[in-house]
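Residue numbers (the numbering used here): 1405 to 1529.
Just so it is clear, CB atoms sit at the ideal spot from N, CA and C, and this is done for glycine as well.
Here the structure is a predicted model, which means the values were calculated and not measured.
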């Protein structure tokens, strides 16, 4: 894989075969070439790569389905990735600030994803 475009899903197997730093680099290159000015390219590209990883895992997580739902609600794929990443970053922040109980720490993330919709995300930004 020699380029990345968030408007087009990468082949899941090909994406997951890449080293994590390669994935992040491809995402950073896309934003740089598109002239998108970001306050922290590394963090932005890392969040993109994480969401793409989760989408590539298919039905192992609810992320692929949520991305499809958001696009059906009018977001383009890039916006859907950002919407999902906004939920993910909040979840990461929350779990670093609050002790976790017993069970799967991802359940809070998945619950927040279920509540996410395009209208809600567009109003937040």
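The C-alpha of residue 1485 lies about 26 Å from the C-alpha of residue 1502. For the 8 Å CB-CB criterion, residue 1482 and residue 1416 do not form a contact. Between the alpha carbons of residue 1523 and residue 1473 lies a distance of about 12 Å. Annotation for residue 1522: the continuous alpha helix (DSSP H) segment containing it runs 1522–1528.
Exclusion of the five residues before and after residue 1513 leaves 1495 as the residues of its chain whose Cβ lies within less than 6 Å of its Cβ. Distance from the CA of residue 1407 to the CA of residue 1428, rounded to the nearest whole angstrom, comes to 11 Å.
Scanning its chain for C-beta atoms nearer than 8 Å, with the 5 sequence neighbours on each side dropped, one finds around residue 1419 the residues 1405, 1427, 1456, 1457 and 1460, in chain order.
The Cβ atoms of residue 1469 and residue 1488 lie no closer than 8 Å to each other.
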